[in-house]
Every structure is written in C-alpha cells, then in structure tokens.
C-alpha cells in the first residue's frame, strides 16, 4: 500500500504551505500533509 503525502499542499493550484493548499490536497485525496 502506498501513501500519498502532500508535503507543500496542492501547490499547483495554491501557494505552497498555505491553508488553502493543504485543504485542497486533502480534497484531492492525499493521505496526509
């Protein structure tokens, strides 16, 4: 089983290390940030 961690959040859509980027990463299916 592979786990996907979004280290900087969803940085393709939002600025890195922002709440919006982290929330989007979880919404996109990341297992953790």
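In full-length UniProt numbering, the protein residues as written are 1 to 33. C-beta: ideal position from N, C-alpha, C; glycine also.
Query	Result
Under 7 Å Cβ to Cβ from residue 24, same chain only, skipping five residues before and after it: list those, please.	9, 10, 13, 14
Using a threshold of 8 Å, state whether the C-beta atoms of residue 21 and residue 4 are closer than that.	no
Closer than 7 Å by C-beta to residue 16: which residues in its own chain qualify, once you throw out the five before and the five after it? Chain order, please.	8, 9
Specify, as a first and last residue, the run of the alpha helix (DSSP H) that residue 23 falls within.	19-27
What is the DSSP secondary structure of residue 5, counted as helix, strand or coil?	strand
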